[in-house]
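The numbering of the sequence shown is the working numbering, which starts it at 14 and goes up by one.
Glycine included, each C-beta is placed from N, C-alpha and C at the ideal position.
Down below is the structure, laid out as structure tokens.
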Amino acid sequence: MKKEARQVHEFNPLDHLEDHLRLLEHRFNRASSNELIIEMKGRWAEYNVFMIWDHETAMIYTACGLEFGMDEGTHGNLCKLLTLIHNNMWIGHFDLCEEKKIIIFRHSFPLRDVETVTFGQFSDLINLTLQECDRFYPAFVLLVEEGKCPEDAMESVMLETAGVA
């Protein structure tokens, strides 16, 4: 039993991800042994995708912040927009970090009893993060920067998505 617990704590999937990112010449920063930040270009913005490894829970936590010029008056409408957005998501969620005045996409990926993670699995996780940030970025812009109501901001995004399909 002690050997199994030790193996879980020695396994760090970010080491594997770092090797692949280096081979593919992606820009990233290894902030600590348990945190890796990948610079990614999205459709609407450049994102910093944070990958954090938690040994105790055996989870990879992914976060990506979207920065807008938010003020106190947008809080209620942002909460309403987040509810509308979450009704259209299968995985992950957006949070409003009032302290830093940013919107954060978050997702956690369990890795208990896993000895390795493929680059394909990491790619899926990173691509999901970029896809969801890019998908809803225009709705946040419409609400925060252009003053649209949550329903109109969401409708614009859903119409664009339907047109792409």
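Tell me, please, whether the CB atom of Lys114 is closer than 8 Å to any CB atom in chain C?
-> Here chain C cannot be found, since the structure has a single protein chain.
Can the beta-carbon of Cys146 be found closer than 8 Å to that of Cys77?
-> yes
Whole-Å CB distance - Leu37 paired with Ile51, under 8 Å assumed = Wrong, their Cβ atoms sit about 11 Å apart, outside the cutoff.
Could you check what DSSP says for Gly160 in three-state terms: helix, strand or coil?
-> It is coil, neither helix nor strand.
Stretch pair the stretch 91 to 109 + the stretch 42 to 50: three plus CB contacts closer than 8 Å = no
Determine the direct distance from the alpha carbon of Glu164 to that of Val29, and round the result to whole angstroms.
-> Just to set this straight, residue 29 is His in the shown sequence, not Val. If you take the alpha carbons of His29 and Glu164, they lie about 42 Å apart.
Cut-off 6 Å between Cβ atoms - residues of its own chain near Thr87, not counting five sequence neighbours on either side = Answer for Thr87: Val157, listed in chain order.
Spell out a yes or no on whether the stretch 109 to 125 and the stretch 62 to 82 are touching, meaning 3 or more CB-CB pairs, one atom from each, closer than 8 Å.
-> yes
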